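First the structure, in the form of structure tokens, and then the observations on it.
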Amino acid sequence: MSETTSTLLYCRCAYAQVVPSGVKNEVLQRLCDAGVSFETVSDLCEMAAHRDPRLKSIAQCGKLKIAACYPRAVKGLFQQAGSPLPEDTEILNMRSQTATEIVESMLG
Amino acid sequence: MITHTHRPLRVVLYEGQGAIPLPAEARAKVMAALLDKGYAVTRTVAGQPAMPHDDRSLLLLGSFPEQKAPEIEDATGQIKIATHDITGLDTDGIVALVEKSRGDKPMNEPGKWKPWFPVIDYSRCTNCMQCLSFCLFDVYGVSEDNKIQVQNNDNCKTNCPACSRVCPEVAIMFPKYQAGPINGDEISETDAGREKIKVDISSLLGGDIYSALKDRSAAAKSRFSKERSPDKALDERKKCLTKLVGDGFIPADVLASLPSPDEILRKAEIAKARAAAALAAQ
Chain X
629 MSETTSTLLY CRCAYAQVVP SGVKNEVLQR LCDAGVSFET VSDLCEMAAH RDPRLKSIAQ
689 CGKLKIAACY PRAVKGLFQQ AGSPLPEDTE ILNMRSQTAT EIVESMLG
Chain Z
10 MITHTHRPLR VVLYEGQGAI PLPAEARAKV MAALLDKGYA VTRTVAGQPA MPHDDRSLLL
70 LGSFPEQKAP EIEDATGQIK IATHDITGLD TDGIVALVEK SRGDKPMNEP GKWKPWFPVI
130 DYSRCTNCMQ CLSFCLFDVY GVSEDNKIQV QNNDNCKTNC PACSRVCPEV AIMFPKYQAG
190 PINGDEISET DAGREKIKVD ISSLLGGDIY SALKDRSAAA KSRFSKERSP DKALDERKKC
250 LTKLVGDGFI PADVLASLPS PDEILRKAEI AKARAAAALA AQ
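Taken in order, these protein sequences are the chains called X and Z. Here the numbering used here is used: the first residue of the first sequence is 629, the next is one more, and so on. Here the numbering used here is used: the first residue of the second sequence is 10, the next is one more, and so on.
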């Protein structure tokens with residue numbers, strides 16, 4: 629992976645139904661349609677709850693784009709788990725943005 | 010205390026060199042099904058390596074020529090990599106294969122537990138310790154450098170965002186909550202003002218503690234002394250909690266699961282002392 633390529637991370641929010649299923653399904657489908665590698669997790673909250681060390685790997689992987697929920701919450705989850713996100717991390721909000729906006733930002 | 014410590018198994022959908030790409034629709038269905046079961050899933054294509062792996066086991070799935078998955082060994086010898094060919098399997102078949110491969114290794118599962126705990130926005134938090142004093146379930150604690158922190162996630166009462174409502178800086182989030190700003194949504198000036206008003210309501214909850222923390226002037230201390238009464242404080246705390254339940258601020262089962270009156274008083278005293286010590290050390 630080149631230095632300028634972002635790691636793409638998709639959070640399914642599978643442990644609670646607070647992200648509209650239409651948006652999260654469409655984002656996943658369109659990431660799958662694109663010829664890109666990407667990471668997905670079942671639920672960032674679940675990982676943060678038990679301080680999953682994988683959060684540290686994610687936070688340290690370089691340039692990062694995350695499709696999840698509110699940026700303030702996502703940043704807080706990583707910080708509380710002891711793995712603060714880099715300042716330039718781009719967080720897309722599947723609770724308030726459209727799937728098109730999110731996918732264009734993820735793949736742009 | 011953190012009890013839900015089982016890490017999800019990471020599954021790699023391998024579509025790199027030597028593998029046959031899956032149909033896009035099938036790929037999305039498989040990924041969604043595995044994610045909804047609690048797994049972490051990586052999709053990897055040629056020329057774009059996946060993130061490094063940091064666990065002891067990894068499951069790699071792909072559609073391979075002659076339906077034969079290659080044997081792969083970790084160069085460091087630290088990761089056990091299992092590989093399977095999934096040619097011809099539908100989504101249910103692939104999920105069943107993953108479940109079988111995981112065996113009896115424990116994993117958290119969506120639907121059986123909700124990750125409900127406060128998340129502190131340290132860009133807003135002023136370390137006032139009000140949440141520490143407010144929570145009767147020991148969710149909050151103080152770090153070695155006297156900073157408020159969430160220490161006991163599992164003590165938090167599911168669906169109860171009461172501490173978020175009493176935070177004067179709107180710095181406590183519950184990401185699984187439906188509405189903003191508690192869910193982490195941006196905070197408007199109106200939100201901030203409304204939340205500060207709520208603090209006045211919450212100050213009834215063991216008002217002696219909050220008064221002491223919020224206003225340590227001589228006058229306040231005098232009033233605090235006159236009003237200091239364990240029975241009165243307990244009665245006020247109960248009334249306030251009942252009101253919070255009635256207003257829909259906290260679930261009724263939180264009220265039902267409160268500690269005994271003696272225990273509440275004991276916890277309040279301990280919280281008061283810890284908060285005061287941390288504030289004094291600032």
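For glycine and all other residues, C-beta sits at the position ideal for the given N, C-alpha and C. Every value quoted in this text rests on a predicted model; they were computed, and no experiment measured them.
7 Å Cβ cutoff, residue i in contact with chain X
i, result
"Z/LYS38", "no"
"Z/GLY150", "no"
"Z/LEU44", "yes"
"Z/LYS121", "no"
"Z/PRO170", "no"
"Z/GLY193", "yes"
"Z/VAL175", "no"
"Z/VAL179", "no"
"Z/ALA105", "no"
"Z/VAL54", "yes"
Residue environment, residue i, which counts as buried when at least 16 other CB atoms sit within 10 Å
i, result
"Z/ALA6", "Here chain Z covers residues 10 to 291 and nothing more, so residue 6 of chain Z does not appear."
"Z/ALA229", "Unreliable placement is indicated for Z/ALA229, whose pLDDT of 37 sits below 50; no coordinate value is reported for it."
"Z/SER173", "buried"
"Z/ARG275", "exposed"
"Z/ASP94", "buried"
"X/ASP680", "buried"
"Z/ILE29", "exposed"
"X/ALA676", "buried"
"Z/ARG52", "buried"
"Z/GLU80", "exposed"
"X/ARG700", "buried"
"Z/ARG65", "exposed"
Cutoff 7 Å: residue i Cβ touching any chain Z Cβ
i, result
"X/ASP716", "no"
"X/GLY690", "no"
"X/ALA709", "no"
"X/THR656", "Checking the displayed sequence, the identity of residue 656 of chain X turns out to be Leu instead of Thr. Taking Cβ atoms only, chain Z reaches closer than 7 Å to X/LEU656, which makes this a yes."
"X/ALA662", "no"
"X/ALA642", "yes"
According to DSSP, residues forming a beta bridge with residue i
i, result
"X/CYS639", "X/VAL669"
"X/MET722", "Answer is none; X/MET722 lacks a bridge partner."
"Z/ILE298", "This structure cannot settle anything about residue 298 of chain Z, because the visible part of chain Z is limited to 10 through 291."
"Z/ARG19", "Z/ALA49"
"Z/GLY71", "Z/ASP94"
"Z/GLU24", "Z/VAL54"
Closer than 8 Å at the beta carbon, the chain X residues around residue i
i, result
"Z/THR51", "SER665, PHE666, GLU667, THR668"
"Z/CYS128", "Inspection of the sequence shows that residue 128 of chain Z is occupied by Val rather than by Cys. Simply ALA676, ALA701, GLY704, LEU705, GLN708."
"Z/GLN57", "MET629, THR633, VAL664, SER665"
Contact list for residue i against chain Z, beta-carbon separation under 7 Å
i, result
"X/SER685", "MET60, PRO61, ASP63"
Chain Z residues whose Cβ lies nearer than 8 Å to that of residue i
i, result
"X/ALA695", "Within 8 Å Cβ-Cβ: nothing; X/ALA695 doesn't reach chain Z, min ~12 Å."
"X/THR738", "No statement about residue 738 of chain X is possible, as the shown extent of chain X runs from 629 to 736 and does not include it."
Neighbour list for residue i in chain X, Cβ cutoff strictly below 7 Å
i, result
"Z/GLN187", "VAL646"
Neighbouring residues, chain X, relative to residue i (Cβ below 9 Å)
i, result
"Z/GLY27", "Under the 9 Å cutoff, chain X gives no residues; its nearest Cβ is about 15 Å from Z/GLY27."
Exercise for the section: Please list the segments of the alpha helix (DSSP H) lying wholly inside the segment 100 to 168 of chain Z, counting only runs of 4 or more residues, in order along the chain. Expected result: 100 to 111, 139 to 143
Exercise for the section: Would you list, in sequence order, the uninterrupted beta strand (DSSP E) runs of no fewer than 3 residues that lie entirely inside the segment 32 to 66 of chain Z? Expected result: 49 to 54
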